[in-house]
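Numbering (my numbering), first residue to last: 6 to 139. Where a beta carbon is used, it is the ideal one built from N, C-alpha and C, also for glycine.
Right, dumping it as structure tokens:
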């Protein structure tokens, strides 16, 4: 089962890299600006940000995305950063990891924060290893 899942992840990565490299024309060049993505995955919205469940990778992975198309972290407004903080505080999970790559290995050129929640009964070590072992 793990090998099959790993192969799907590799295939998905190849497809994403191919589509970014060859610039497949789309109505919305940025998936985070595409309303069809919000309709399927959105769990939160306010004046500045959206929260999306990343249903492709794992159930404990969420994305926090500013509504305004911004490519770099330092271009976010104070209001957008406060909205991110507010959402993180209101997601009822005691253990989490936040990641923001700022154009370093970033497949979507729109600032976004990855929020990984640790399942209650999973050890911290198992939670960390799960990102590299699957």
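Could you check the C-alpha separation between residue i and residue j for me, to the nearest Å?
i: residue 101; j: residue 131; result: 13 angstroms
i: residue 127; j: residue 35; result: 34 angstroms
i: residue 81; j: residue 75; result: 7 angstroms
i: residue 29; j: residue 42; result: With a pLDDT of 46 at residue 29, under the threshold of 50, the predicted position of this residue should be treated as unreliable, though the coordinate-derived value follows. Those two C-alpha atoms are separated by around 17 angstroms.
i: residue 27; j: residue 109; result: Caution applies to residue 27, whose pLDDT of 46 falls short of 50 and renders its modelled position unreliable; the value that the coordinates give is listed next. Distance between the alpha carbons of residue 27 and residue 109: 20 angstroms.
i: residue 114; j: residue 77; result: 8 angstroms
i: residue 47; j: residue 59; result: 9 angstroms
i: residue 111; j: residue 56; result: 18 angstroms
i: residue 51; j: residue 124; result: 26 angstroms
i: residue 122; j: residue 116; result: 20 angstroms
i: residue 99; j: residue 129; result: 12 angstroms
From the DSSP output, which residues share a beta bridge with residue i?
i: residue 85; result: Per DSSP, none; premise fails for residue 85.
Can you give the beta carbon distance from residue i to residue j, rounded, assuming they're within the 8 angstroms contact cut?
i: residue 120; j: residue 103; result: 6 angstroms
i: residue 53; j: residue 40; result: Not quite, the Cβ-Cβ distance comes to about 17 angstroms (not below 8 angstroms), so this is no contact.
By DSSP, does residue i sit in helix, in strand, or in coil?
i: residue 128; result: coil
i: residue 29; result: Bear in mind that a pLDDT of 46 at residue 29, under 50, signals an unreliable position, so the model cannot answer this.
i: residue 58; result: strand
i: residue 66; result: strand
Taking residue i as part of the beta strand (DSSP E), name the residues at either end of that continuous run.
i: residue 122; result: 118–122
i: residue 101; result: 101–104
i: residue 73; result: From DSSP, residue 73 is part of no beta strand (DSSP E); its letter is neither H nor E.
Along the chain, where does the alpha helix (DSSP H) containing residue i start, and where does it finish?
i: residue 45; result: 40–46
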